[in-house]
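Each remark here refers to the structure printed beneath this line.
Below you can see the structure in the form of structure tokens.
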């Protein structure tokens, strides 16, 4: 377990607020500084700007983390009240009736996360904080040098999960699966529109030929997604990591992907027409064809991924980074007009870009 003394120094802070009751989201960007003020005390200072409901407001707070005679650390508010125990990688609670607050701290000495959920008669919101040391990620360094912003991933692995072994017929249309750890979730061929999966860890999800229209996957980790045919139009993916598997033909048009990581995936043809991708990472993936016509892409990167074909018109591109992608075998990149490429890639892509612009190279 990491202790407060392991995290001393200045951190880049990004916090997202999802107020589910009000249906609005906010962002805090700034710095967090942990400073030792004694052998048994660490001051935790935060300062930044909160953008919420279209308004920007300076925010700050100070916490104190103290070690007691039993060598246990506890987080305190500035006025001395106890906030919560310092625990790592598991859930922690803050008593504040009539509301319930549950949180989790996790990560390492280069990147750590803090998550809080509040539920009560007048509250239903979630706070996700990501804290990173300056200059720890190559993609962020590249982004700063070019003005292209890196994706902002705030996923925290779910904790305190209940083991569940679903049997045939256990999952029905419109069901909500929440807080489960599942070995194999085999839904191939099922008709399950409007299915919800929230705060789950799934080793293998089999979805070949299933009807997943309106699917919602939030705050979850899927180790392997096996879907030669994935039918999930108008779906919602928020704070999700898919760590392997394949999608042969994916129908994801009119969908929303926010804070999603695809790692080591094999994609055949993926239809993302009319979809919105915000803070999405494709890492070490193989992508044959992407259709992104009428889609909106904001802070999307393709680190170590190979792309063969990306087509589409009326695509809105902002802070899309292709510099980490393997484009040696690309045949078409029309859908990525406005994306950032590297100087070394420009030489490789020159004939293709000239042809797309209508020039003939002799």
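Residue numbers (my numbering): 166 to 527. Even for Gly, the Cβ is constructed at its ideal location relative to N, Cα and C.
Do you know how far the Cα of residue j is from the Cα of residue i?
i: residue 256; j: residue 266; result: 10 Å
i: residue 295; j: residue 494; result: 36 Å
i: residue 291; j: residue 514; result: 43 Å
i: residue 226; j: residue 175; result: 15 Å
i: residue 254; j: residue 189; result: 28 Å
i: residue 247; j: residue 169; result: 16 Å
i: residue 229; j: residue 172; result: 14 Å
i: residue 391; j: residue 499; result: 29 Å
i: residue 474; j: residue 452; result: 8 Å
i: residue 239; j: residue 199; result: 14 Å
i: residue 380; j: residue 401; result: 6 Å
i: residue 241; j: residue 208; result: 10 Å
i: residue 492; j: residue 243; result: 52 Å
i: residue 405; j: residue 185; result: 18 Å
i: residue 497; j: residue 203; result: 60 Å
i: residue 480; j: residue 245; result: 52 Å
i: residue 260; j: residue 250; result: 11 Å
i: residue 409; j: residue 395; result: 15 Å
i: residue 450; j: residue 187; result: 37 Å
From this set, the options, which residue's C-alpha is nearest residue i's C-alpha?
i: residue 420; options: 403, 180, 433 and 339; result: 403
i: residue 235; options: 205, 353 and 448; result: 205
i: residue 440; options: 447, 457 and 373; result: 457
i: residue 293; options: 418, 194, 411 and 501; result: 194
i: residue 263; options: 350, 393, 199 and 289; result: 289
i: residue 272; options: 499, 323, 399 and 503; result: 323
i: residue 213; options: 386, 371, 444 and 197; result: 197
i: residue 110; options: 381, 400 and 411; result: Lying outside 166 to 527, the shown extent of the chain, residue 110 is not represented and no answer is given.
i: residue 220; options: 242, 191 and 413; result: 191
i: residue 418; options: 434, 180 and 446; result: 434
i: residue 385; options: 378, 407 and 373; result: 407
i: residue 460; options: 448, 363 and 501; result: 501
i: residue 383; options: 319, 479 and 222; result: 319
i: residue 232; options: 396, 252, 397 and 377; result: 252
i: residue 444; options: 422, 377, 361 and 378; result: 422
i: residue 216; options: 327, 442 and 183; result: 183
i: residue 476; options: 447, 438 and 448; result: 438
i: residue 166; options: 259, 270, 315 and 223; result: 270
i: residue 442; options: 224, 297 and 317; result: 317
i: residue 388; options: 505, 237, 455 and 430; result: 430
For residue i, which of helix, strand or coil comes out of DSSP?
i: residue 303; result: Residue placement at residue 303 cannot be trusted, given a pLDDT of 45 that sits under 50; what the coordinates show is reported in the next sentence. Residue 303: helix per DSSP, three-state reduction.
i: residue 514; result: helix
i: residue 161; result: Since the first residue shown for the chain is 166 and the last is 527, residue 161 is missing from the structure and cannot be characterised.
i: residue 358; result: coil
i: residue 335; result: coil
i: residue 266; result: strand
i: residue 313; result: coil
i: residue 340; result: coil
i: residue 283; result: strand
i: residue 260; result: strand
i: residue 272; result: strand
i: residue 350; result: strand
i: residue 278; result: strand
i: residue 319; result: coil
i: residue 378; result: coil
i: residue 297; result: strand
i: residue 325; result: coil
i: residue 363; result: strand
i: residue 289; result: strand
i: residue 384; result: strand
i: residue 373; result: coil
i: residue 308; result: Because the pLDDT at residue 308 is just 48, under 50, the model does not fix this residue reliably, and the value given afterwards should be weighed accordingly. Looking at residue 308 - three-state DSSP - the assignment turns out to be helix.
Are the C-beta atoms of residue i and some chain D residue less than 8 Å apart?
i: residue 383; result: Protein chains in the displayed structure number just one, and chain D is not present.
Those runs of the beta strand (DSSP E) which lie wholly inside the stretch 473 to 512 and span at least 3 residues: Segments of the beta strand (DSSP E) lying fully in the stretch 473 to 512: 481 to 486.
Complete runs of the beta strand (DSSP E) confined to the stretch 171 to 256 [at least 3 residues]: Taken in chain order, the complete beta strand (DSSP E) segments of 3 residues or longer contained in the stretch 171 to 256 are 174 to 184, 189 to 203, 206 to 217, 220 to 232, 238 to 241 and 247 to 250.
Three-pair Cβ contact test at 8 Å for the stretch 481 to 490 versus the stretch 322 to 337: Contact fails: fewer than three Cβ-Cβ distances are below 8 Å.
Three or more C-beta pairs below 8 Å linking the stretch 280 to 293 and the stretch 334 to 350: In short, these stretches do not touch, since the Cβ pair count stays below three.
Stretch pair the stretch 268 to 277 + the stretch 414 to 428: three plus CB contacts closer than 8 Å: Counting Cβ pairs under 8 Å, fewer than three are found: no touch.
Contiguous alpha helix (DSSP H) assignments of at least 4 residues, all confined to the stretch 389 to 470: Listed in chain order, there is nothing to give.
At least three beta-carbon pairs within less than 8 Å, the stretch 339 to 358 to the stretch 457 to 465: Too few Cβ pairs lie closer than 8 Å, so no.
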